[in-house]
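Enquirer: Got a structure for you, questions after.
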Amino acid sequence: MSKKHQPAKAIQKVKQFGEFGGVNPSITDSATFTFLGAETMLDTFEGEAEGCFLYSRHWNPTNKYLADTLAKMEDTESAWVTASGMAAITNTILQLCNSGDHIVSSITTYGGTYAFFMNYLKKFNITTTLVDITDLEAVKAAIKPNTKILYTETMTNPLLQISDIPGLSKIAKEKDVKLVVDNTFTPMIVSPAVLGADVVVYSMTKFINGKNDCVAGAICASNDFINALSSVNDGTSMLLGPALDPMRSASILKNLHTLHIRMKQHSHNAAYLAKKFADYKELKIIYPGQEDCKGYKLLRDMKNHGFGYGGMIAIDLGTPEKASEFMESLQDKGVGYLAVSLGYFATIFSNSGSSTSSEVPIETQHKMGLSPGLVRFSVGLDHDIKATWKLIKETLKEMKIEK
Ligand SMILES: *Cc1c(COP(=O)(O)O)cnc(C)c1O
């Protein structure tokens with residue numbers, strides 16, 4: 513496995529200047545662009561005028577600054593930014609699949625992705641087989657002659673399983689299908705394209721932006737794929753039009769430049785809390801940075817150096833009632849917010865089965881091992897995590913949860 517890629521260094525090397533030498537690139541708040549000659553406009557439509565912009569649903573200079581920086585982070589040739597993570601996912605899928613095609617996906621994925629595969633894609637007669645993504649033999653066996661995509665999340669939502677990206681990439685190459693990886697939980701930590709993924713998708717709403725002030729997404733892939741997505745004649749993104757607002761792009765780009773520091777701190781704090789939680793035998797805890805966690809070795813071998821094991825922890829309280837009591841008490845004490853989403857500077861927690869995975873039918877939740885009492889924690893950037901733990905400990909004591 514290659515660990516040579518250094519995403520933080522790659523981003524630091526990007527030099528983008530504003531129109532008047534500003535240290536931040538200028539924001540282009542224009543929907544359309546003038547041409548000095550009519551001929552150049554025609555060439556731009558045909559994708560042959562390098563450096564010319566046509567219309568902001570296609571490309572906007574500010575979106576390109578952000579996309580270029582993301583491509584450097586992922587070590588892909590190119591990238592494309594979208595108005596949401598779901599837009600990045602759905603556009604990628606629709607670009608790669610035609611009516612009658614088939615997808616093999618991890619059974620544990622983000623709820624919206626699950627609903628898109630199982631409900632929405634019926635419209636196009638595209639079917640999906642769900643598999644335990646950690647069972648490579650099962651993955652291989654599920655691939656059919658009409659399979660176009662092998663889909664997974666590096667660290668799956670909400671069970672924090674770890675996907676063996678090099679292993680999945682090998683299968684994808686053998687079977688001539690595209691490996692699409694949602695890396696939303698582990699930016700900087702894992703570089704899926706370096707490990708063999710064909711397309712990397714992100715909800716930038718989460719860690720990448722990290723401020724919970726907008727919804728956005730990204731697709732990182734080859735030049736050919738991004739050009740196909742943005743083709744004026746048949747490109748999914750050009751024609752469905754989930755363009756990100758350039759004002760937002762500019763603000764996300766500035767946040768992207770602090771991502772490496774934030775990921776380190778999220779990981780540090782999560783590792784601290786996970787270790788403390790692990791002392792409580794009554795609680796089942798999943799943190800991929802803990803040696804007894806199933807995905808630990810895999811993540812250890814795949815991860816880039818210096819960003820830890822991520823900011824996500826899953827804790828099983830047993831029942832939804834206990835989960836609610838736990839979360840309400842933590843919110844009262846100021847530990848964080850009872851809310852969906854993740855990757856925020858403050859801690860966020862939610863009961864997965866009844867919130868972000870509620871699109872997944874109960875039987876499937878059982879099948880994937882999702883307990884109704886599971887609380888997903890996105891650990892924040894707290895300066896004094898020991899003080900945070902003291903508050904959590906009080907809640908555990910009040911709930912009579914013993915070591
Ligand atoms: C939130 C999330 C999405 C969807 O992203 P939006 O920005 O909300 O559209 C997709 N995948 C994962 C893993 C997510 O956490």
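Going by the numbering used here, the residue at position 381 of the sequence shown is 893; the numbering climbs one at a time, nothing skipped.
Glycine included, each C-beta is placed from N, C-alpha and C at the ideal position.
(1) Could you check whether the Cβ of Val727 sits closer than 6 Å to any heavy atom belonging to ligand 1?
(2) Chain D beta carbons: is any one of them nearer than 7 Å to that of Leu850?
(3) If I measure Cβ to Cβ from Ile731 and keep anything under 6 Å in the same chain, skipping five residues before and after, which residues do I get?
(4) To test your reading of the DSSP string, which unbroken alpha helix (DSSP H) runs of 4 or more residues are found completely within the stretch 793-822?
(5) Would you mind sorting Arg760 into buried or exposed? The rule is 16 or more other CB atoms within 10 Å of its CB.
(6) Using a threshold of 7 Å, state whether the C-beta atoms of Ile615 and Thr640 are closer than that.
(7) Among the residues of its own chain, which have a CB less than 6 Å from the CB of Lys796, if the five just before and after it don't count?
(8) Work out the CA separation of Asp587 and Thr868 for me, nearest whole Å.
(9) Three or more C-beta pairs under 8 Å: does that hold for the stretch 746-757 against the stretch 569-576?
(10) Quick one: Cα of Val706 to Cα of Met700, how far?
(11) What is the residue span of the alpha helix (DSSP H) that Leu680 lies within?
(12) Does Ser853 come out as helix, strand or coil in the three-state DSSP assignment?
(13) Asn631: buried (16+ other C-beta within 10 angstroms of its C-beta) or exposed?
(14) Give the secondary structure of Tyr622 by DSSP, where H, G and I count as helix, E and B as strand, and everything else as coil.
(15) Gly855 and Lys718 look like a contact to me (Cβ under 8 Å); what is the Cβ gap, rounded to whole Å?
(16) Compute the distance between the beta-carbons of Tyr626 and Val872, then report whether it is under 7 Å.
(17) What number of angstroms, rounded off, separates the C-alpha of Ile928 from the C-alpha of Asp710?
(18) Looking at C-alpha atoms only, which residue of Ala684, Leu671 and Thr621 is the closest neighbour of Val651?
(19) Going along the chain, which residues of its own chain have a beta-carbon closer than 8 Å to the beta-carbon of Ile655, five neighbours each way excluded?
(20) Using only alpha-carbon positions, find the residue among Gln777, Glu875 and Gly534 that is nearest to Ser890.
(21) Do Ile720 and Ser590 have their beta-carbon atoms positioned less than 7 Å apart in this structure?
(22) DSSP beta-bridge partners for Phe889?
(23) Just verifying my parser: in three-state terms, what is the DSSP assignment at Val711?
(24) Taking 6 Å as the cut-off, is the beta-carbon of Gly597 closer than that to any non-hydrogen atom of ligand 1?
(25) Mind pulling the alpha helix (DSSP H) runs of 4 or more residues that sit fully within the stretch 534-609?
(26) List the residues that DSSP assigns as beta-bridge partners of Phe614.
(27) Let's test the definition: count the other Cβ atoms within 10 Å of the Cβ of Thr546 and tell me whether it reaches 16, buried, or not, exposed.
(28) Can you tell me where the alpha helix (DSSP H) with Ile674 in it begins and where it stops?
(29) What is the DSSP secondary structure of Ala728, reduced to helix, strand or coil?
(30) Return the CA-CA distance between Pro832 and Val847, expressed in angstroms with no decimal places.
(31) Which first and last residues belong to the alpha helix (DSSP H) in which Lys788 is found?
(32) Which residue from Glu837, Met775 and Ser611 puts its Cα closest to that of Asn658?
(33) Which same chain residues end up closer than 7 Å to Ala851 when comparing Cβ atoms and leaving out the 5 residues on each side of it in sequence?
(34) Within 10 Å of its beta-carbon, does Asp613 have 16 or more other beta-carbons around it, so buried, or fewer, so exposed?
(35) So, at 8 Å on beta carbons, what are the nonlocal neighbours of Asn816 in its own chain, with the 5 sequence-adjacent residues on each side left out?
(36) Mind checking whether the beta-carbon of Thr696 lies closer than 6 Å to any heavy atom of ligand 1?
Expert: Here's the rundown:
(1) For the purposes of this step, residue 727 is taken as residue 215 along the sequence shown, with counting starting at 1. For ligand 1, at least one heavy atom lies less than 6 Å from the Cβ of Val727.
(2) This model lacks chain D altogether, as it is built from one protein chain only.
(3) By 1-based counting over the sequence shown, the position of residue 731 is 219. Cβ within range, chain order: Trp592, Ala600, Thr604 and Val713.
(4) 808-814
(5) By one-based count along the sequence shown, residue 760 stands at place 248. Buried: at least 16 other Cβ atoms inside 10 Å.
(6) For the purposes of this step, residue 615 is taken as the residue at position 103 of the sequence shown. For the purposes of this step, residue 640 is taken as the residue at position 128 of the sequence shown. Yes. Within cutoff.
(7) Within the sequence shown, the letter at position 284 stands for residue 796. Answer for Lys796: Asp828, listed in chain order.
(8) What you label residue 868 is simply residue 356 of the sequence shown in a count that begins at 1. What you label residue 587 is simply residue 75 of the sequence shown in a count that begins at 1. In a straight line, the C-alpha of Thr868 is about 30 Å away from that of Asp587.
(9) yes
(10) Taking the first residue of the sequence shown as position 1, residue 706 is located at position 194. Taking the first residue of the sequence shown as position 1, residue 700 is located at position 188. Taking the straight line joining both Cα atoms gives about 12 Å.
(11) What you label residue 680 is simply residue 168 of the sequence shown in a count that begins at 1. First-last of the alpha helix (DSSP H) with Leu680: Ile677 to Lys687.
(12) Residue 853 sits at position 341 when you count from the first residue of the sequence shown. Coil.
(13) Here the question's residue 631 lines up with position 119 in the sequence shown. Exposed: under 16 other Cβ atoms inside 10 Å.
(14) Start at 1 with the first residue of the sequence shown, and residue 622 comes out as number 110. Reduced to three states, the DSSP call for Tyr622 is coil.
(15) Locating residue 855 in the sequence shown gives position 343, counting from the first residue. Locating residue 718 in the sequence shown gives position 206, counting from the first residue. Their Cβ separation, rounded to whole angstroms, is 3 Å, which keeps Gly855 and Lys718 in contact under 8 Å.
(16) As a first step, residue 626 is located in the sequence shown; it is residue number 114 there, counting from the start. As a first step, residue 872 is located in the sequence shown; it is residue number 360 there, counting from the start. Against a cut-off of 7 Å, the Cβ pair of Val872 and Tyr626 comes out as a contact.
(17) Because the chain spans 513 through 915 in this model, residue 928 falls outside it and cannot be assessed.
(18) Here residue 651 refers to the residue found at position 139 when the sequence shown is read from its first residue. Of the candidates Ala684, Leu671 and Thr621, the one whose C-alpha sits nearest the C-alpha of Val651 is Ala684.
(19) The count along the sequence shown starts at 1 and reaches residue 655 at position 143. Cβ within range, chain order: Val616, Leu662, Ile683, Lys687 and Val689.
(20) For this step, residue 890 is matched to residue 378 along the sequence shown. Among Gln777, Glu875 and Gly534, the Cα nearest to that of Ser890 belongs to Gln777.
(21) The residue given as residue 590 occupies position 78 in the sequence shown. The residue given as residue 720 occupies position 208 in the sequence shown. Their beta carbons are not under 7 Å apart, which means Ser590 does not touch Ile720 by this criterion.
(22) In the sequence shown, residue 889 corresponds to position 377, counting from 1. Paired residues: Ile825 and Phe861.
(23) Translated into the one-based positions of the sequence shown, residue 711 becomes position 199. Note: Val711 maps to strand in three-state DSSP.
(24) Against the sequence shown, residue 597 aligns to sequence position 85. True, at least one ligand heavy atom lies under 6 Å from that Cβ.
(25) 550-557, 573-586 and 597-608
(26) Locating residue 614 in the sequence shown gives position 102, counting from the first residue. Phe is not the amino acid found at residue 614; the sequence shown has His there. Answer by DSSP bridge pairing, in chain order: Thr639 and Thr659.
(27) Numbered from 1 along the sequence shown, position 34 holds the residue referred to as residue 546. Thr546 comes out exposed.
(28) What you label residue 674 is simply residue 162 of the sequence shown in a count that begins at 1. First-last for Ile674: undefined, no H or E at that position.
(29) Position 216 of the sequence shown, counting from 1, holds the residue named residue 728. Correct three-state label for Ala728: coil.
(30) For the purposes of this step, residue 832 is taken as residue 320 along the sequence shown, with counting starting at 1. For the purposes of this step, residue 847 is taken as residue 335 along the sequence shown, with counting starting at 1. One C-alpha to the other measures close to 20 Å.
(31) Walking along the sequence shown from the start, residue 788 turns up at place 276. First-last of the alpha helix (DSSP H) with Lys788: Leu771 to Ala790.
(32) As a first step, residue 658 must be located in the sequence shown, where it is residue number 146. Ranking the options by Cα distance to Asn658, first place goes to Ser611.
(33) The residue labelled residue 851 in the question sits at position 339 within the sequence shown. Closer than 7 Å at Cβ, skipping near neighbours: Ile860 and Ser862.
(34) Here residue 613 refers to the residue found at position 101 when the sequence shown is read from its first residue. It is buried - the Cβ of Asp613 has at least 16 other Cβ atoms within 10 Å.
(35) Counting from one through the sequence shown, the residue named residue 816 turns up at place 304. The answer, listed in chain order, is Lys515, His517, Gln518, Pro519, Met700, Ile701, Val702 and Ser703.
(36) Taking the first residue of the sequence shown as 1, we reach residue 696 at position 184. Yes - ligand 1 has a heavy atom lying nearer than 6 Å to the Cβ of Thr696.
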